[in-house]
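Chain order of the listed sequences is A and B.
Numbering-wise (UniProt numbering), the first sequence opens with residue 1 and increments by one.
Numbering-wise (UniProt numbering), the second sequence opens with residue 1 and increments by one.
Cβ atoms here follow ideal geometry from the backbone N, Cα and C, with glycine treated the same way.
In this text, all values refer to a predicted model and were calculated from it rather than measured experimentally.
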Amino acid sequence: MGNVPGKLENENAVRSNRSMSTSAALPHRTNGMNGARKARTSSMVGTILNSRRCSESSDLNPYKRKSTKDKERLKERHVKQLIVKHGESVDGGFLAPYGSSSIEKVDYDAGVVKSLILERRLAPFYTPLQDYDESWSHQELVKIVDGLPLHAPFSEDVEAFEGVPLGDLSQSDFDDLIDKSLSRREQRRMRSMIFNARLYRKRLLWQERENEKFLESKLEAKKPGARSNPCLPSDDLKFELYYKGVECPICFLYYPQPINMSRCCLQPICSECFVQIKRAEPHFPHDQDEDHKEEEEKDPNLLTSEPTNCPYCATSDYGITYDPVLTRKVGLQGIKPFSYVSGNLEPVESSEPARRRSLAATDRLVVTSDSLRPDWQVKLNKERMRLARRSANATAIHLSNQLVTPGHQASSNLQTHTVPSSNYHPEFAAAHAHDNGSLWPSNATAAEIENQMVEQAIKLSLAESKAAKKSSR
Amino acid sequence: MASLPKRIIKETERLVLDPVPGINAVPHEDNLRYFQVTIEGPQQSPYEDGVFELELFLPDDYPMEAPKVRFLTKIYHPNIDRLGRICLDVLKANWSPALQIRTVLLSVQALLASPNPNDPLANDVAEDWLKHEDEAIAKAREWTKQYASRK
């Protein structure tokens, strides 16, 4: 446990370095492009990145309690970022995941992931092939790739949302759907259920709208004499991406090469699986006597959450690198997907990893799991604070039970006297305090003791928030 | 219910095509995430000649979350309790999504070959194991004969 704080600070420093390199790297890469395209792409990139910037600024103090409506708004904004759009493509893949229908699986920071994909530091989210057959001809493969959807089908009826009223989805307010005769707690539960059901439905509709747009532009492009849609990939691109696909060892689906490689043991992983690998929820260390204690009795500072391990070789601080094919820079910040023409297929032949040694988690090429969820530290601190509050409450209740009714204890000690706490004698309290070796001055009144306890509590909470601020920096 | 992920389909196919010696896992007809498993006791262990029935369930988050595995056959083992729950690192903190049904069941089989009474789940069994190892092993043999005989 002893070396953990130092390590955390280190990680924070690394992260801030990384984010600096992120913003600095973008302008350089746009330099080589012609004027018109540059303006268009950078404005698009600008919007994508802007949404990130504003999500950051609204969270200036991550420890501040958010209202239910604020939380709902943030969640909805996150879900909007998970919609796959065919116009937002990078090297033939996309900025949002293909198959994850539960939001819990993809609770990463969408802004961070999108900019990593734009910078070609993380493989884009490709649409996977369920199977791959070496015997497929060029034409067959192109046809199969042509038929791939933008997003895996959502299941229409999710058991958890069965019978939950949705109301008018175009209205953001759904207060009237909540049964006001229920207890406040029940109302809160109902609200969150309705919100989640509505959000699921909305996501489905948003994605469907994008699917339709995609389909329409594909149909449009098929019409004789039609101008090709610049956002749609050329046949060369489709073929080159998917021939010699590689199976992700986690989801068993086929993805285009190059794929992300673990920094430590050079094993492949698709982006969709990579973004789902995260720290365990904050917990107490195992194999300790602590296991038998009540939650309130444990030391909140012992709560930990270890960095993720590599799924293949268990090295701590799991991270990946991605080596894009430099001659195949298409989509955002590259040439238009429809104009891509294969060179001699050499680059794909050399799909062997360019890198042959492992890299440190702090290497600037490496993207760690932690960097996709920069709020892990805040989460851990919040859980610690919650526990600290609970144990402080428990202690206060315990103490006040003992102190506020000294008469009760006195009577049990002396048996014959019953002293009402409202007008008990200081001398009596003094004698009693002496007996028990009490910490309180002998003539303290209940009110004084209470004051002192409040003071102590304020001191503790000040210290706590100071510590929290420090660690959040 | 959501459709079955490709990974589960492929793993099941591969389990059938290329079974592990001494291990058998068959998905339930009604629920393809629920497997009925048998494991043969490893040779030269107190569980030799026994055939142990287990159940294995793949939770929604599989493979990000470990499969749930439990012994159905009664067994005398320091890391397996009366309810059949198993204390095995790869089923808990050391789970990795790169592991599979196959590898997990192999680990369970290996646990039968080398019980670890220093990290017990069934405390009484572990105590026996540490104090009177011979007696404990004899008891494990006896239970194997009694509850895990080949049918």
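By the rule that beta-carbons nearer than 8 Å mark a contact, A122 (chain B) does not touch chain A. Scanning the segment 1-27 of chain B for uninterrupted alpha helix (DSSP H) segments of 4 residues or longer gives 6-17, listed from N- to C-terminal end.
In this structure, A:R121 is the residue among A:D107, A:R121, A:L332 with its C-alpha nearest to the C-alpha of D363 (chain A).
Ranked by Cα distance from L95 (chain A), the first of A:P62, A:K75, A:I103, A:Y126 is A:Y126. Taking a Cβ-Cβ threshold of 7 Å, none of the residues of chain B is close to C270 (chain A); the smallest such distance is about 12 Å. Beta-bridge annotation (DSSP): Y255 (chain A) is paired with A:V246.
Sorting A:S135, A:E88, A:A392 by C-alpha distance to the C-alpha of I458 (chain A) places A:A392 at the top. Around the beta carbon of D317 (chain A), a 10 Å sphere encloses 16 or more other beta carbons of the protein chains shown; the residue is thus reported as buried. Taking 9 Å as the cut-off between beta carbons, the residues of the segment 102-135 of chain B near chain A are D119, in sequence order. Within its own chain, the residues whose Cβ lies closer than 8 Å to the Cβ of R188 (chain A), once the five positions on either side in sequence are excluded, are T68, listed in chain order.
In this structure K238 (chain A) is buried. Its beta-carbon is surrounded by 16 or more other beta-carbon atoms within 10 angstroms. Between C231 (chain A) and S89 (chain A), the C-beta gap is smaller than 8 Å, which places the two residues in contact. L303 (chain A) counts as buried, since at least 16 other C-beta atoms from the protein chains shown sit within 10 angstroms of its C-beta. In chain order, K6, R7, K10, E11 make up the part of chain B whose C-beta sits under 8 Å from the C-beta of F252 (chain A). One alpha carbon belongs to I259 (chain A), the other to S114 (chain B), and they sit about 39 Å apart. Here DSSP, grouped into helix, strand and coil, assigns F274 (chain A) to helix.
Going by DSSP, T38 (chain B) is part of the beta strand (DSSP E) stretching over 34-40.
The beta carbon of C87 (chain B) sits closer than 6 Å to those of N79, L121, all from its chain and outside the five residues before and after it, given in chain order.
Judged by pairs of C-beta atoms under 8 Å, the segment 126-142 of chain A touches the segment 238-258 of chain A, as three or more such pairs exist.
The three-state secondary structure of S262 (chain A), taken from DSSP, is strand. Within chain A, the residues whose beta carbon sits less than 7 Å from that of P63 (chain B) are I250, listed in sequence order. Close CB contacts of E48 (chain B) within its chain, under the 6 Å cut and outside five residues either way in sequence, are with G41 (chain order). In this structure, the straight-line span from the alpha carbon of K6 (chain B) to that of Q130 (chain A) is close to 7 Å. Contact annotation for P27 (chain B) against chain A: no contact, minimum CB-CB distance about 16 Å [criterion: below 9 Å]. K329 (chain A) and I335 (chain A) do touch by the CB rule: their CB atoms are close to 7 Å apart, below 8 Å. Assignment of beta-bridge partners to V367 (chain A) by DSSP yields A:I320.
Straight through space, the alpha carbons of P233 (chain A) and V366 (chain A) are spaced by roughly 29 Å. When DSSP states are grouped into helix, strand and coil, K68 (chain B) belongs to the strand group. According to DSSP, H283 (chain A) shares a beta bridge with A:T304. For A98 (chain B), the neighbours in chain A by C-beta distance under 7 Å run, in chain order, P249, I250, P311, Y312.
The straight-line gap separating the alpha-carbon atoms of P337 (chain A) and A463 (chain A) is approximately 56 Å.
Note: F57 (chain B) is bridge-paired with B:Y34, B:K68 in the DSSP secondary-structure output. Straight-line spacing of the CA atoms in E216 (chain A) and D236 (chain A) works out to 21 Å. According to the DSSP secondary-structure assignment, S89 (chain A) is paired through a beta bridge with A:F94. In terms of Cβ geometry, E76 (chain A) and L199 (chain A) form a close pair [threshold 8 Å].
Only residues of its own chain outside the window of five on either side were considered, and among them P27 have a CB closer than 6 Å to the CB of T12 (chain B), listed in chain order.
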